[in-house]
Each structure stands twice: as C-alpha cells, then as structure tokens.
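Chains as they are written, first to last, in the working numbering: chain A, 6 to 365; chain B, 6 to 365. By construction, the Cβ of each residue, glycine as well, lies at the ideal position given by its N, Cα and C atoms. Quick caveat, the model's predicted, so the values are computed rather than measured.
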C-alpha cells in the first residue's frame, strides 16, 4: 500500500526522503563496499558519520562547548537511574515537577538512591495541565531539579522553563527535542530517546554540562556513568552505529529544511490547525488546558468510547493511522512530530470534519 | 565499488541477502505503509517481528522453556554490571576465568559490588591460550562462575565448557553465539552483543534461567534488573526495534541455511582453511595455542610490523578489508563469522600465498 500518515507517539514517522536515502545506500555505503551496519565502529568511514552526527546536533541546537553530547543506548528509562547516580551526591535530595508517567518513572529511580521532593504535580487532573511552580517549595540545596518538557501521553508541555538558579536543571526532552528553539544555557542536563524527533529507537542522547560529569557514585555501573562515554567520545564500547547514522540523516534533513527555527514555525502551524478545529468542534474536544498544550502530541476525545473506536478504525481506512490514545488516557492522540507533513494534519482535520457531520 | 570481503571483528559482515531484503522493505514494510523504523513498538506489525525474533532464536539455539530470552540495549558492557547486580547476592563472591579484555572489564564491574576470585588466567602469555581449570580453585559457594566462550581480540575459545555444578555458569558469548552448537543446559546465563553473529550493533541478548531472575539488589537500576524486561517480554520501554528486525532477518537466513549445526560445519571448514595455511606458512604465523583456537577470530602475524602494515594495505586493495589486529595485539586478525562466505576465506588465503611469495 502507499505510505500512510502515521500519528504514532514513538517510534514515529520519519521523513520519507531520509528513508529513501537510507534504503539506497543500505547494502553499500558510498565507496566502502559495505553497509553502515557492517562497519567497524573504529573505522574511518564510521567515525566520520559519528562525528558528523554530533556536530550537526550541536549546530542545530546551538549547544555550547561546555556541554558534552553523549550518544548512548538504553532509552530514557536507563537515564532515569543514571541521573541520580551521577548527580544525587550532595544533599541527596532531588526536586521534581510531576507531570505524568515519565516523571513518575524518573521519581521512582531517584528514590532508589535518595530523597525526592515533589515541587508540584498535576496528577489531580490526569496530568492535563502543567502545574504552577511555587519557588518556596524548591529545595534550597537540591542536587538537581527535574522536569519533563513535553509529556507525550498527556499532551502537555512547559511553555516557560523554570529558573532554578544554581540548582542543576535536568530535562527529559524525549518527545520535543529539536521541535522548538530552546536556550540550552537554561538547562544543565538534557536527555532524550531517539524514537520521536531523532530517528529509529535505540539511541539515547544526553547533553550534559561538562562540570557535572565525574561525580558519579561508586555504585554506578560503568555504562551509566556519564564520564565513561564523555571521555571516549561515545565510543567506549560499540555504539548503536546504524541508529546514529539514521540520526545523522535526520539532522541533515532538518538543516536542509531550515533548522529548528523553521521546524518550530511549521510545528506551531500544524498544531494550530488541529487545536483550532478541536476548539470549535461540537463532537471532538481537546483534553489539555490551552496554555499548556503540546506542539507534538495532541490528545482528543469525543466523550464516547465506542465513537472513539469507530473514528480510529475509519481513520485507519483513510491512511491516517496509529491515532489511538495511550491506554492510561483513552480516546485519540495525534502525534505530529517534525517529520509529519502539514498535508497529514490537513487530511486528518478534513476527515474529522466528515466524521463529525456523520456523527454529531 | 563492489561489495568487499569485510573481516571486521564487529560490527561485522552481514549476509548480503539479508541486507538486500532490508533495503527492499526499508521505506514500506509489507502492507503497513511505513518503515519498521517508524512502527509503534505496541503495534501488531512490530509485535509479530519481536515475537518471531525471539521464537527463531529459541529454535536455532534450542533454548529450553525455563530460560528467558531478553532483547536489551547497552551492549555486553552494560551486562558486565547487570550480572553482579542480579546475581552477586549470596556469598558476594564471583569466580572468573580471566581470558582477555572482556573478562577484565567484567571483573572490574563485579568488584564494584563484591569479591572476585580469579580461578585461572592466561594473562602471562597475552591471553594466547585458554588456561587449564583446577576445580580446587573454584569457590564452593560462589554466586556465579564467569567465562568468555570466545575471545574476539586474542582469538581463543573454550573448547569444553566447565562443569560448575550448582554454581550458576555465566557466559559472555558475544563473539561466537550461533556459530557452533551448544547445550544451553550447561549454562545459566548467556549474554551477547549483537554486532558479530546477530545483526547490527545496538541489541544485546541475555538468555537467563528463569529461577535466577528476581533476586537483584535494591540498588539495581530498573533497566539493569533482568526482572524488568523478563516480565514485560522485553517491551518495558521502547526496544531497539530496527536492530531486532535485522536480527530476525539474520535468524531466518540461518534457518534457511541449515541452522547452527550447518553453520558450525561451515565455520570449521573456513577456520581450517586459514589455520592449515598459517601452520605451513614460512611468513605468516598463527598466534594462538592450536587447542584453543577460535573458529571466529583468527589472529596472525609476520613478526615484522612494517610487513604487517604492507600486507593490510595491499589486502585492502584486493577488497579484503579490516584485517588489522586489535591495538593491544598488533598484526592481523581475520574475523570469519557466520556471514563470511568460504569464498572470502579462500580469496584471503590466495592473497596470503601471493604475498608470501613476494616477501618471504
């Protein structure tokens, strides 16, 4: 069948041009006579890919030189433990803003190694908003302060980044990295799984201020100690080479298409198309507080579970797929990452209009 | 240029038929309208790939039902910590046979969490042999006994598996998994990075007896606790989906080509071709004790570093690439995994003969 519009929350749609390029050079990469998958990670050809991937990410995100960029494995879930193991070594207290499933998992791992202070939570309303932050509730000598910039499941995002002063700010940016312009200087650690805006699953990126590296606890597994890969240029052991190659192709595509500033403009336009329709619809309803709405993940409901199921099924017949909401929320969710073209969102809105006429 | 014969130690050559199949379905997989890289890991299409990969591995290796097969990330280097975190919880002592760089790294991680007893070591001769094991040196109540079945860098392998009685036997099989028939019942934990005989780098396989899972220490990061992925069918978080898909294609290729028994016969034939030539050569010399020679990694030298370098360079011109030995050993190393055709080894031997005539 033809390519569909895939609204999956991650792994997620990738630019078709990137996939075609990867397919064309899968068996033989340039003049190497072999696939990127077969290359020694110590070879010149792979080393060029590895370094270019890092350089492009630095350029796209404007990452200052006093930050390491680590290309890791294990997913954000591994970093949920690595963060406290590397940072929870002073007061032993970490501050968290609890905004959903991913902060919950990060909190559980921090508690394994120290004390957690929940500064604010939106659990009372199924995480449908970003809570106000009261600076009086910040721990004065916390080892770090942790947020999830975009909450994939609930469709919320921080529209302003908290100022934590001297306390290192750690951000899980898995589902909105590269989607809007951030001042990296406001963060001390950024972590992100690759499978939304970066490439296929299997790569985890950690951007960390250099002076925060080297203080890990003695019990830290060597591969979870940021120092291990920082000192080895992410080549301490065999990296997920092919994922890094795919990420490089995506980074090249982002650069060709105007970089993050242009992506942000496109993402705002795509999200507005969808939210504007939802806000006037008599059948569909966005579930998130308008101020805190994600540009990447747009959950919505009809209020009738059977109708939701029918919508998802009929949308699938139109080539609009993976619109089912997360099991903890129900309803629908359209994930519209960088690689989702505006035409995909337009087609979705058109289909929602048709469906509404038939069912309101 | 045409496809080369790639003797890299890992990432390593893959079957050309597998690469061609992957290329053909990279942009659109079957009737899904999307790439495997873009599929939700909770989708039916991906779930089928995931389950087939595990089922094929179980079939190929004849893995009994009382073992979990875990599809993980992080490389064997992550498992070097996971093994003690999961198992070093009784006497706190682990027995090791020290046969090279990889046992060294595993020992370092075990020491982080307990006590290590080196049962035997071949460090005295740059690990060019597998040491004899004296059962009197085994720790009676060790929490586990650790070996590396094949040593990629030094080209040695265990030709008989130690009988450790009730003590769990842990084997790092990264560089010879699927290359010869093993009785899985002799092992309690098998770990292997994917990048030699399984597929591209980024997948780590752990085969573990079910009753050894669930005893991890409290300080174990959630992702290093085998229980986490055992209970979730390796879908606790997003797995390295594309690597798993590639592994599945390799497993299918292995099955089509007669399975592990046939691979072992081919590997023995390929290795013998090379060792027979080396043993009669007046220029080249195999570095490993004949009894302990690897079927996968064949190190050799001329004894003259300049001549070694010339050989590597001229071999490269003939499309025989990545023959340089590991930096800790020098000389040459031909890695001849399952996917290296006999024709590649024949061409290498022919070229060695020519080179010998010119330089002896």
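Where does residue i fall in DSSP's three states?
i, result
"residue 112(B)", "helix"
"residue 304(A)", "strand"
"residue 153(A)", "strand"
"residue 177(A)", "strand"
"residue 101(B)", "strand"
"residue 86(A)", "helix"
"residue 196(A)", "strand"
"residue 233(A)", "helix"
"residue 42(B)", "helix"
"residue 51(A)", "helix"
"residue 345(A)", "coil"
"residue 265(B)", "helix"
"residue 318(B)", "helix"
"residue 326(B)", "strand"
"residue 365(A)", "coil"
"residue 249(B)", "helix"
"residue 32(B)", "coil"
"residue 61(B)", "helix"
"residue 122(B)", "strand"
Mind reading off the beta-carbon distance from residue i to residue j? Whole number of angstroms is fine, and I expect it under 8 Å.
i, j, result
"residue 180(B)", "residue 15(B)", "7 Å"
"residue 31(A)", "residue 27(B)", "6 Å"
"residue 134(A)", "residue 297(A)", "5 Å"
"residue 178(B)", "residue 209(B)", "Actually they do not touch by this definition, with Cβ atoms about 11 Å apart."
"residue 247(B)", "residue 41(B)", "6 Å"
"residue 158(B)", "residue 364(B)", "About 26 Å; that fails the 8 Å criterion."
"residue 148(B)", "residue 105(B)", "Incorrect: roughly 22 Å between the Cβ atoms, too far for contact."
"residue 207(B)", "residue 199(B)", "7 Å"
"residue 9(B)", "residue 39(A)", "6 Å"
Let me make sure I understand the geometry here. Which of the options has the alpha-carbon closest to that of residue i?
i, options, result
"residue 312(A)", "247(A), 107(A), 360(A)", "360(A)"
"residue 46(B)", "222(B), 242(B), 356(B)", "242(B)"
"residue 355(A)", "269(A), 249(A), 296(A), 281(A)", "281(A)"
"residue 239(B)", "76(B), 69(B), 147(B)", "76(B)"
"residue 107(B)", "327(B), 161(B), 91(B), 63(B)", "161(B)"
"residue 11(B)", "353(B), 136(B), 167(B)", "353(B)"
"residue 71(A)", "217(A), 291(A), 275(A), 245(A)", "217(A)"
"residue 273(A)", "186(A), 332(A), 254(A)", "186(A)"
"residue 334(A)", "156(A), 88(A), 18(A)", "156(A)"
"residue 128(B)", "142(B), 109(B), 121(B)", "109(B)"
"residue 202(B)", "363(B), 258(B), 321(B), 224(B)", "258(B)"
"residue 124(B)", "118(B), 130(B), 140(B), 132(B)", "140(B)"
"residue 193(B)", "73(B), 293(B), 130(B), 164(B)", "73(B)"
"residue 220(A)", "91(A), 329(A), 324(A)", "91(A)"
"residue 271(B)", "56(B), 52(B), 167(B), 351(B)", "351(B)"
Looking at the C-beta of residue i, does it have a partner C-beta in chain B at a distance below 8 Å?
i, result
"residue 91(A)", "no"
"residue 182(A)", "no"
"residue 25(A)", "yes"
"residue 299(A)", "no"
"residue 226(A)", "yes"
"residue 31(A)", "yes"
"residue 310(A)", "no"
"residue 349(A)", "no"
"residue 192(A)", "no"
Examine the ligand SAM and report whether any of its heavy atoms sits within less than 7 Å of the Cβ of residue i.
i, result
"residue 24(B)", "Among the ligands in the structure shown, none appear at all, so the ligand SAM cannot be discussed."
Would you say residue i reaches chain A, if we count a Cβ-Cβ gap shorter than 8 Å as a contact?
i, result
"residue 247(B)", "yes"
"residue 302(B)", "no"
"residue 9(B)", "yes"
"residue 323(B)", "no"
"residue 22(B)", "no"
"residue 263(B)", "no"
"residue 221(B)", "no"
"residue 88(B)", "no"
"residue 242(B)", "yes"
"residue 19(B)", "yes"
"residue 44(B)", "yes"
"residue 338(B)", "no"
"residue 105(B)", "no"
Kindly list, in the order they appear in chain E, the residues whose Cβ is closer than 8 Å to that of residue i.
i, result
"residue 114(A)", "The chain inventory of the structure shown lacks chain E, comprising the protein chains A and B."
* **Cβ pair count under 8 Å reaching 3, the region 96 to 106 of chain B against the region 216 to 234 of chain B** => no
* Asked: Does the count of Cβ pairs from the region 291 to 308 of chain A and the region 331 to 346 of chain A closer than 8 Å reach three?
  -> yes
* Taking 8 Å as the threshold, find out whether the region 267 to 287 of chain A comes into contact with the region 309 to 327 of chain A through three or more Cβ pairs. => no
* Asked: Does the pairing of the region 261 to 268 of chain B with the region 114 to 122 of chain A give three or more beta-carbon distances under 8 Å?
  -> no
* the region 221 to 229 of chain A touching the region 80 to 95 of chain A, judged by at least three CB pairs closer than 8 Å -> yes
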